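A.B. asks:
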Amino acid sequence: MYREEILDYYSRQDIQKALLDIAENREVVPTLASGNFGTRPNAIFYEKDVEQLVKQGAVSFHCSVERWQNPFLLKTEMRKSELDELRTGWDLILDIDCHRSLKEAAKAAQIFVETLEQFDIKGYSIKFSGSRGFHIGVPFESFPEEIMYVSYVEKDFPRIPKAIIEYLKFYTNKDLRAAFNENPEKVLTLDSGIIAARHLFRMPYSLHPKTWLSSIPVSKDELENFDKEKAKVQNVKVEKKFFDAGKARENEAVELLQAAIFWAQKEAREKISIGTEEFKVPTTAIGPQFWPPCMHNILHGLDDGRKRSVFALTTFLHNIGWKNDDIEKFLLSWNQKNRPPLRENLVKIGFESQFKRGKPQMTPNCNNMGYFKGYGVCTPDTFCATIKNPVTYTLRKYRGSLPKKVFKKIRKPRVRSYVDVYDLAKR
Numbered sequence: 001m002y003r004e005e006i007l008d009y010y011s012r013q014d015i016q017k018a019l020l021d022i023a024e025n026r027e028v029v030p031t032l033a034s035g036n037f038g039t040r041p042n043a044i045f046y047e048k049d050v051e052q053l054v055k056q057g058a059v060s061f062h063c064s065v066e067r068w069q070n071p072f073l074l075k076t077e078m079r080k081s082e083l084d085e086l087r088t089g090w091d092l093i094l095d096i097d098c099h100r101s102l103k104e105a106a107k108a109a110q111i112f113v114e115t116l117e118q119f120d121i122k123g124y125s126i127k128f129s130g131s132r133g134f135h136i137g138v139p140f141e142s143f144p145e146e147i148m149y150v151s152y153v154e155k156d157f158p159r160i161p162k163a164i165i166e167y168l169k170f171y172t173n174k175d176l177r178a179a180f181n182e183n184p185e186k187v188l189t190l191d192s193g194i195i196a197a198r199h200l201f202r203m204p205y206s207l208h209p210k211t212w213l214s215s216i217p218v219s220k221d222e223l224e225n226f227d228k229e230k231a232k233v234q235n236v237k238v239e240k241k242f243f244d245a246g247k248a249r250e251n252e253a254v255e256l257l258q259a260a261i262f263w264a265q266k267e268a269r270e271k272i273s274i275g276t277e278e279f280k281v282p283t284t285a286i287g288p289q290f291w292p293p294c295m296h297n298i299l300h301g302l303d304d305g306r307k308r309s310v311f312a313l314t315t316f317l318h319n320i321g322w323k324n325d326d327i328e329k330f331l332l333s334w335n336q337k338n339r340p341p342l343r344e345n346l347v348k349i350g351f352e353s354q355f356k357r358g359k360p361q362m363t364p365n366c367n368n369m370g371y372f373k374g375y376g377v378c379t380p381d382t383f384c385a386t387i388k389n390p391v392t393y394t395l396r397k398y399r400g401s402l403p404k405k406v407f408k409k410i411r412k413p414r415v416r417s418y419v420d421v422y423d424l425a426k427r
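Quick note: the sequence shown uses the UniProt record's numbering, first residue 1, plus one each step.
#1: Can you give me the Cβ contacts of Tyr375 inside the same chain, cut-off strictly under 6 Å, excluding the 5 residues immediately before and after it?
#2: Assuming Phe242 and Gly137 make a contact with CB atoms under 8 Å, what is their CB distance in whole Å?
#3: Please name the residue in Lys162, Pro161 and Pro184 whose C-alpha comes closest to that of Thr172.
#4: Expressed to the nearest angstrom, what Euclidean distance is found between the alpha-carbon atoms of Leu190 and Lys127?
#5: State the Cα-Cα distance for the pair His208 and Asp91, rounded to the nearest angstrom.
#6: Buried or exposed, going by whether 16 or more other CB atoms sit within 10 Å of the CB of Leu176?
#7: Does DSSP classify Asn288 as helix, strand or coil?
#8: If I'm right that Pro364 touches Gly321 with Cβ under 8 Å, what's the distance once you round it to whole angstroms?
#9: Residue range of the beta strand (DSSP E) that Arg308 falls in?
#10: Measure the Cβ-Cβ separation of Lys307 and Leu346 and say whether it is below 8 Å.
#11: In chain order, what are the residue ranges of uninterrupted alpha helix (DSSP H) at least 4 long that sit wholly in the segment 332–401?
#12: State the DSSP-derived secondary structure class of Ile111, mapped to helix, strand or coil.
#13: Output the distance between the C-alpha atoms of Ala109 and Thr284, rounded to the nearest integer angstrom.
#14: Helix or strand or just coil, what does DSSP make of Gly275?
#15: Return the first residue and the last residue of the beta strand (DSSP E) that Ile93 is part of.
#16: Nearest to Ile349 by CA position, among Lys122, Ser131, Gly57 and Val310, is which residue?
#17: Between the alpha carbons of Leu53 and Asp325, how many angstroms are there, rounded?
#18: Apart from the five residues just before and just after Lys17, which ones in its own chain have a Cβ nearer than 7 Å to its Cβ?
#19: In the DSSP assignment, find the beta strand (DSSP E) that holds Pro30 and state where it starts and stops.
#20: Apart from the five residues just before and just after Gly35, which ones in its own chain have a Cβ nearer than 8 Å to its Cβ?
#21: Considering only the beta carbon of each residue, do residue 428 and Arg132 sit closer than 8 Å?
#22: Which of helix, strand or coil does DSSP assign to Trp68?
#23: Measure the C-alpha to C-alpha separation of Ile274 and Glu267 and round it to an integer number of angstroms.
#24: If I follow the unbroken beta strand (DSSP E) through Arg202, where does it start and stop?
#25: So the candidates are Leu223, Pro217, Val254 and Asn70; which of them puts its Cα closest to the Cα of Lys237?
#26: Using the beta-carbon count (16 or more within 10 Å), is Met1 buried or exposed?
#27: What is the DSSP secondary structure of Ala58, reduced to helix, strand or coil?
#28: Excluding sequence positions up to five away, which residues of its chain have a Cβ less than 7 Å from the Cβ of residue 438?
#29: Do Asn319 and Pro293 have their beta-carbon atoms positioned less than 8 Å apart in this structure?
#30: Let me confirm a value: Glu278 is counted as buried when at least 16 other C-beta atoms fall within 10 Å, else exposed. Which label applies?
#31: Using C-beta distances below 6 Å, list every residue in its chain close to Asn368, excluding the 5 sequence neighbours before and after it, in chain order.
#32: Return the CA-CA distance between Thr386 and Leu395, expressed in angstroms with no decimal places.
#33: Quick check: Ile44 and Val28, are their CB atoms within less than 8 Å of each other?
#34: If you count every other CB in all the chains shown that lies within 10 Å of the CB of Tyr205, and 16 or more means buried, which is it?
#35: Assuming Lys247 and Gly123 form a contact by the criterion Cβ under 8 Å, report the distance between their Cβ atoms to the nearest whole angstrom.
#36: Please report the distance separating the alpha-carbon of Pro41 from that of Arg198.
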């Protein structure tokens with residue numbers, strides 16, 4: 001799309017007002033034509049701020065899931081306690097990304113909104129993502145200030161929204177499986193793993209820089225026969241709001257929140273009962289000669305799936321014995337091969353979130369369509385047919401390469417670094 005057309009669209013007063021309506025108390029970050037985010041932190045306070053940012057190169061706008069006292073006080077290096085002090089609330093976003101058709105994404109969205117209605121939640125809103133799916137939002141006004149086991153709901157981020165999303169995936173699995181006649185993960189992604197501090201989502205009525213379609217709000221009745229023609233810039237009408245707090249009823253999401261917290265606690269207890277000895281992180285850094293094809297493909301650089309690959313690489317390397325500093329250097333060097341590279345702070349945020357956990361988070365499974373198959377790096381070899389996860393592939397290959405007598409005697413192997421493999425120089 002020509003820059004003049006982009007400017008004409010964002011110069012519309014109704015579009016500016018729609019963006020400003022949702023921007024209150026949120027971090028608002030422009031996306032540039034290169035695909036990179038603009039300067040953070042940022043915010044908009046007046047309608048003309050939108051037009052000015054477009055003149056400076058913005059083509060799309062994202063805003064924070066979290067609400068802040070003052071977005072300009074945010075800093076990348078802030079501790080969780082400092083972020084909690086600034087946060088005044090957060091909204092629940094269900095990001096449905098379909099690997100197939102928009103019709104199937106709409107079918108999934110219908111199942112999720114009907115589930116919310118089963119929990120007596122009426123204040124939800126829906127919008128087209130601008131590409132392959134839909135976003136469903138439940139405003140913070142729907143949630144209670146506290147419940148049993150949670151004293152300050154607004155401070156417990158991202159744990160609570162992650163728990164709710166994982167619970168909804170569990171709760172709707174049967175209906176989704178019946179709708180698609182197969183495992184829902186092969187059709188769509190609803191990923192709680194990407195929710196982190198200062199997480200952003202595309203603002204309503206913002207353009208998608210790949211399709212140039214507008215992220216327009218839609219009603220539940222429009223889902224089944226949604227027509228992307230309505231999202232073309234020349235056809236966009238500002239008729240609905242996304243996150244209309246006025247429609248939310250106080251505490252209407254309390255039942256969902258209680259169910260999600262109870263389910264998450266039960267899941268945690270069951271995982272503990274399985275035994276902590278089921279998986280141990282190796283004490284040696286396993287080199288690329290034992291890695292699966294998907295990881296080698298990622299290391300050549302990507303133009304799609306870059307942010308998801310930060311998560312995949314970080315969890316993969318952590319689970320095969322790499323040390324924190326080596327992983328960070330490796331990621332920053334790998335990022336230079338991407339087309340274009342991600343902003344360095346995005347890579348660091350993705351890396352740091354992994355090491356704030358007590359135990360390593362596991363790498364996504366091979367059949368998770370939101371990752372390796374979803375952006376075309378899954379090129380399985382014969383060994384891939386025997387495993388379900390890239391970490392399992394590597395551990396089995398590595399252990400299979402060791403003589404039995406050596407394998408039994410190994411206690412504390414020498415730690416090695418493979419940062420320079422693939423010409424990724426140390427920093």
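The beta-carbon is built from N, C-alpha and C at its ideal position, and this holds for glycine as well.
Small disclaimer: the values here were computed from a predicted structure and weren't measured.
C.D. replies: Working from what's here:
#1: Same-chain partners within the cutoff: Asp304 and Gly305.
#2: 6 Å
#3: Pro184
#4: 15 Å
#5: 21 Å
#6: Buried, because 16 or more other Cβ atoms sit within 10 Å of the Cβ of Leu176.
#7: In the sequence under discussion, the amino acid at residue 288 is Pro, which differs from the Asn named in the question. In the three-state reduction of the DSSP assignment, Pro288 falls in the helix class, which pools H, G and I.
#8: About 19 Å separates the two Cβ atoms, so there is no contact after all.
#9: Unbroken run through Arg308 is the alpha helix (DSSP H), Arg306 to Asn319; no beta strand (DSSP E).
#10: yes
#11: 344–355 and 390–401
#12: DSSP places Ile111 in helix when its eight states are reduced to three.
#13: Rounded to whole angstroms, the gap between the alpha carbons of Ala109 and Thr284 is 44 Å.
#14: Only weak support exists for where Gly275 lies, its pLDDT of 42 falling under 50; the value from the coordinates is given anyway. Three-state result, Gly275: coil.
#15: Leu92 to Cys98
#16: Val310
#17: 37 Å
#18: Glu47
#19: Val28 to Leu32
#20: Pro209 and Pro340
#21: This structure cannot speak to residue 428, because the chain is shown only from 1 to 427.
#22: DSSP places Trp68 in strand when its eight states are reduced to three.
#23: At Ile274, the pLDDT of 44 sits below 50, so the modelled position is not reliable and the matter cannot be decided from this model.
#24: Leu200 to Arg202
#25: Pro217
#26: exposed
#27: strand
#28: Nothing in the structure corresponds to residue 438, since the chain is present only between 1 and 427.
#29: no
#30: Confidence in Glu278 is poor, its pLDDT being 49 and thus under 50, which makes the residue's placement too unreliable to answer from.
#31: The residues are Glu185.
#32: Straight-line Cα distance between these residues: approximately 13 Å.
#33: Their beta carbons are under 8 Å apart, which means Ile44 touches Val28 by this criterion.
#34: buried
#35: 5 Å
#36: C-alpha of Pro41 to C-alpha of Arg198: approximately 10 Å in a straight line.
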